[in-house]
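Some notes on the structure that comes next.
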Amino acid sequence: MAAPFLELVAPSGRLLDAGCGAGRDTRFFIERGYVVISFDASIGMVRKCQEYPHAYCVHLSFSKIDFREEFDGVWACASLLHRPFEEAKSAVVKLATALKPKGIMFVSVRAGKGDSGENGRYFQYYDDKMVVALFAHDPRLEVLRAWHSTSLGPDGDQGNEWINVLVKRRSRQDLRNIAGQDPAGSVRTVDPSAKVAS
Ligand SMILES: C[S@@+](CC[C@H](N)C(=O)[O-])C[C@H]1O[C@@H](n2cnc3c(N)ncnc32)[C@H](O)[C@@H]1O
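Using this note's numbering, you'd call the opening residue of the sequence shown number 13 and step up by one each time.
This is the structure in structure tokens:
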């Protein structure tokens, strides 16, 4: 599942594992030479993740993250789906701010309709339109690719259907081109709530 993401993020890049759980993917990325910062809202998960050599995991929720242009890649596997849609949209803006320009974000969510409290945990389900809407409000973001996959169930049977998305944070030059402005050489702060014609 990580291959299309890693093809776009240079080895030795800095990754943010957002909602890392016990750190399965944190470990996978560290073993491949990436520098990984992870966070999770559950202190139990943070402790588990910290057990891996070279893991650096912080106890944080999406609403509290404040990273700025620090990461070449953001990996949010099966985590944003635990927040209601509007909160997930706000989290996407924060994750985009954590990415360096030209950085890559991977998000996976469960396919389906509505929401539920499966096993005491909140789940927001997504259709293809919702996935597009999750990123469309932030003009810094460009969806590169979205695809469906099916996970295996506990007995090797068919498990859940997922929607996976690869997103790029546009460079400042790309944003200027899109906005039809080219303030030669000037750097301006991008307001993610600003409307930019596409
Ligand atoms: C299904 S697990 C996925 C863990 C890991 N990404 C993986 O794929 O193995 C979802 C994780 O998201 C975390 N999570 C849920 N809401 C969160 C929030 N608001 N902020 C950060 N993490 C959150 C949960 O604590 C849980 O560890």
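Every residue gets a Cβ at the ideal spot worked out from N, C-alpha and C, and that includes glycine.
Cβ-heavy atom distance, residue 54 to ligand 1, below 8 Å:
Checking the Cβ of residue 54 against ligand 1 gives yes.
Measuring from the CB of residue 36, is there a heavy atom of ligand 1 at a distance below 8 Å?
At a threshold of 8 Å, residue 36 counts as near ligand 1, since its beta carbon sits closer than that to one of the ligand's heavy atoms.
Just to confirm before moving on: does the CB-CB distance between residue 46 and residue 26 stay below 9 Å?
The answer is yes: Cβ separation under 9 Å.
At a Cβ threshold of 9 Å, is residue 144 touching chain D?
Among the protein chains of the structure shown there is no chain D, as only one such chain exists.
Rounded distance between the beta-carbons of residue 33 and residue 57, thought under 8 Å
About 5 Å; that satisfies the 8 Å criterion.
According to DSSP, is residue 29 helix, strand or coil?
In the displayed model, residue 29 falls within a strand according to three-state DSSP.
According to DSSP, simplified to helix, strand and coil, what is residue 157?
For residue 157, the secondary structure class from DSSP, reduced to helix, strand or coil, is strand.
Pull up the CB-CB distance for residue 104 and residue 51, whole angstroms please, since I reckon it's below 8 Å.
In this structure, residue 104 and residue 51 do not form a Cβ contact; the two beta carbons are roughly 15 Å apart against a cut-off of 8 Å.
In the structure shown, what three-state DSSP assignment does residue 105 receive?
Secondary structure of residue 105 (DSSP, three-state): helix.
Answer with buried or exposed for residue 31, where buried requires no fewer than 16 other C-beta atoms within 10 angstroms of its C-beta.
Buried: at least 16 other Cβ atoms inside 10 Å.
Residue 200 - DSSP class collapsed to helix/strand/coil:
Its pLDDT being 48, under 50, residue 200 is placed unreliably by the model, and nothing is read from it.
Does the distance from the CB of residue 182 to the CB of residue 157 come in under 9 Å?
Contact flag unset, no.
If you pair each beta-carbon of the region 108-117 with each one of the region 168-186, do three or more pairs fall below 8 Å?
The region 108-117, when compared against the region 168-186, does touch it at the 8 Å Cβ threshold.
Using the Cα positions of residue 40 and residue 61, report the straight-line distance between them to the nearest angstrom.
When rounded, the distance between both Cα atoms is 12 Å.
Just to confirm the assignment, what range does the beta strand (DSSP E) spanning residue 76 have?
Here residue 76 belongs to no beta strand (DSSP E), and DSSP marks it neither H nor E.
Is residue 90 helix, strand or coil by DSSP?
It is coil, neither helix nor strand.
Buried or exposed by the 16-neighbour rule on C-beta atoms within 10 Å, applied to residue 164:
Taking all protein chains shown into account, residue 164 has fewer than 16 neighbouring C-beta atoms within 10 Å of its C-beta and is therefore exposed.
Residue burial classification, residue 108 (beta-carbon count within 10 angstroms, cutoff 16)
Burial call: buried.
If you compare alpha carbons, which of 72, 43, 119 is closest to residue 55?
Closest option to residue 55, Cα to Cα, is 72.
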